[in-house]
DNA sequence: TGGGACTAAAATGTCAGACAATTAAACGCG
DNA sequence: CGCGTTTAATTGTCTGACATTTTAGTCCCA
């Protein structure tokens, strides 16, 4: 890790990469303390601010945490699921918004992934998951709910579905896909009639999962996919006309 | 975005957050130039090194790029699919390695996601995708191939499967799941007999996709899942005995 | 001998000013 | 008009310093 060629370009990036590689390769384990900034500066033969910039890069990726004081310093950080979620959501959201991903593509991806969870969720969902789904369905039926709140509840419902598969890796992968869709979903205006259809399908999904009937769940999800796609198309047309 | 309370803690983190929020919310569009470091320092009433640390954080997340020279500066960066892939793979790999995710969980997640792609891939795969799969199958059958190369080829095969769905969002989501599995897969020793079984299933999958028979593809993937899980268990037992 | 307050040290966080390197635009000259 | 030169703007880096935070140790006193 102590290597650093005489490339005069982007010193701080090179240092960050060297340290990052050491962490990823497992040379540095969780909670291990990095050398102090001054020591690193000596090792890499650069100034302290340069080292600091490198450390900030790593901190931005949640790879290290810093702590002040006598026994302080930079420590290799355990990446938690929550942080990984958050990072993935940020990345996915940006990717979708910056690359003009169309509604159809994003929607298709989202529901394809959710349908992958349904069989597992039908097997393993706990009463807790079912209760969450029922609660969100109830919330979605409340009159006067704003479109945004409706979407929030929709996300929470699907999140419960995914979590029901009891596979944290799957939950992590899907968090990005589902939440990143939100800005796109928020462009849709949900009429009462739209909501009734969606609530009906949600109820069918929850029922199917409760009965551990994965075929039914899959069918309802397929219908929900198709219906959401229709709504999206309508919303796009409405936007185009405006 | 110009807000910055008198919290004396973590100035650079606050500044980074302010700018990041401006980008994510869409206040700053792609390729828009940020104020120069000196101007930002004035605006936030901090020194230039502090601003620089904040900018490095953003650069680490691929949110901005910097350019030197007269018309240089920091620009909002378009996040490309490739960069998003890379970021996701890094995050996923770290998450799996740091949180001791067991083989079973990761494997289940990976194949569940792949099975979600199979129906779409059966519909849309191009001759190119099929050719890639066939080529990788051929490579896997070569005698004397190291375990690591075999895994590489396996990843390439599945990558082609996923890309066949012709949905970049799906490809992006799955890249992390599949590639992050590699360190775990690399712990397995693939005997010739193991390889033969896997190659047989790969061939079945490729055949099914060529015939646009998604049911067959799904079945073969299910068998591959089960078989990979078995191999994983054996590898874990072998490790435990050692 | 024990405990509490004080001090010192180590580390990060921040600042100020300076210089180098790079790039593009402005300028001037043939 | 075109091409080379200068110049200005901007990032990249360095040096040195001070502020802040936290821990460890020391010293004094009961």
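Protein chains in written order, with the numbering used here: chain F, 1099 to 1340; chain R, 1099 to 1340.
Just so it is clear, CB atoms sit at the ideal spot from N, CA and C, and this is done for glycine as well.
Buried versus exposed call for residue i [16 or more other C-beta atoms within 10 Å across all chains shown]
| i | result |
| --- | --- |
| residue 1127 (chain F) | exposed |
| residue 1287 (chain F) | exposed |
| residue 1186 (chain R) | buried |
| residue 1376 (chain R) | Not covered by the structure: residue 1376 (chain R). The range shown for chain R is 1099 to 1340. |
| residue 1242 (chain R) | exposed |
| residue 1330 (chain F) | buried |
| residue 1371 (chain R) | Because chain R is modelled from 1099 through 1340, residue 1371 (chain R) falls outside the range shown and cannot be assessed. |
As assigned by DSSP and simplified to three states, the class of residue i
| i | result |
| --- | --- |
| residue 1287 (chain R) | coil |
| residue 1200 (chain R) | coil |
| residue 1224 (chain R) | coil |
| residue 1316 (chain R) | helix |
| residue 1144 (chain R) | coil |
| residue 1311 (chain F) | coil |
| residue 1265 (chain R) | coil |
| residue 1123 (chain R) | coil |
| residue 1216 (chain R) | helix |
| residue 1241 (chain F) | coil |
| residue 1190 (chain F) | helix |
| residue 1159 (chain R) | coil |
| residue 1108 (chain R) | coil |
| residue 1136 (chain R) | helix |
| residue 1334 (chain F) | helix |
| residue 1178 (chain F) | coil |
In DSSP terms, what residue i is bridged to
| i | result |
| --- | --- |
| residue 1172 (chain R) | R:1164 |
| residue 1131 (chain F) | F:1173 |
Partner residues on chain F for residue i, Cβ-Cβ distance less than 7 Å
| i | result |
| --- | --- |
| residue 1132 (chain R) | Result: empty, since nearest Cβ-Cβ is about 16 Å, beyond 7 Å. |
| residue 1214 (chain R) | 1210, 1211, 1213, 1214 |
| residue 1150 (chain R) | 1151 |
| residue 1362 (chain R) | Because chain R is modelled from 1099 through 1340, residue 1362 (chain R) falls outside the range shown and cannot be assessed. |
Residue i: contacting residues in chain F (beta-carbon distance under 8 Å)
| i | result |
| --- | --- |
| residue 1155 (chain R) | 1154, 1155, 1157, 1158 |
| residue 1177 (chain R) | 1189, 1192, 1193, 1196, 1197 |
| residue 1128 (chain R) | 1196 |
| residue 1275 (chain R) | 1267, 1271 |
| residue 1124 (chain R) | 1195 |
| residue 1110 (chain R) | 1154 |
Expected contact under 8 Å - CB spacing of residue i and residue j to nearest Å
| i | j | result |
| --- | --- | --- |
| residue 1303 (chain R) | residue 1318 (chain R) | 5 Å |
| residue 1176 (chain F) | residue 1196 (chain R) | 5 Å |
| residue 1316 (chain F) | residue 1216 (chain F) | 5 Å |
| residue 1114 (chain F) | residue 1158 (chain R) | 7 Å |
| residue 1149 (chain R) | residue 1135 (chain R) | 5 Å |
| residue 1131 (chain F) | residue 1161 (chain F) | 14 Å between Cβ atoms; not a contact. |
| residue 1174 (chain R) | residue 1199 (chain F) | Not confirmed; about 18 Å, so no contact. |
| residue 1110 (chain F) | residue 1155 (chain F) | 7 Å |
| residue 1336 (chain R) | residue 1279 (chain R) | Contact flag wrong, Cβ pair sits at about 19 Å. |
| residue 1307 (chain F) | residue 1322 (chain F) | Incorrect: roughly 13 Å between the Cβ atoms, too far for contact. |
Residue i: contacting residues in chain F (beta-carbon distance under 9 Å)
| i | result |
| --- | --- |
| residue 1223 (chain R) | Near residue 1223 (chain R) there are no residues of chain F at all, since even the closest Cβ is about 15 Å away, more than 9 Å. |
| residue 1206 (chain R) | 1218, 1263, 1265, 1267, 1268 |
| residue 1185 (chain R) | 1159, 1185, 1186, 1189 |
| residue 1328 (chain R) | Residues of chain F passing the Cβ test: none, with the nearest at roughly 18 Å. |
beta-carbon residue i near the ligand FAD non-hydrogen atom, thresh 7 Å
| i | result |
| --- | --- |
| residue 1228 (chain F) | The model on display carries no ligand, and the ligand FAD is accordingly not part of it. |
Partner residues on chain R for residue i, Cβ-Cβ distance less than 7 Å
| i | result |
| --- | --- |
| residue 1147 (chain F) | 1147 |
Neighbour list for residue i in chain R, Cβ cutoff strictly below 8 Å
| i | result |
| --- | --- |
| residue 1168 (chain F) | Ordered by position in chain R, no residue passes the 8 Å Cβ test against residue 1168 (chain F), which lies about 18 Å from the chain. |
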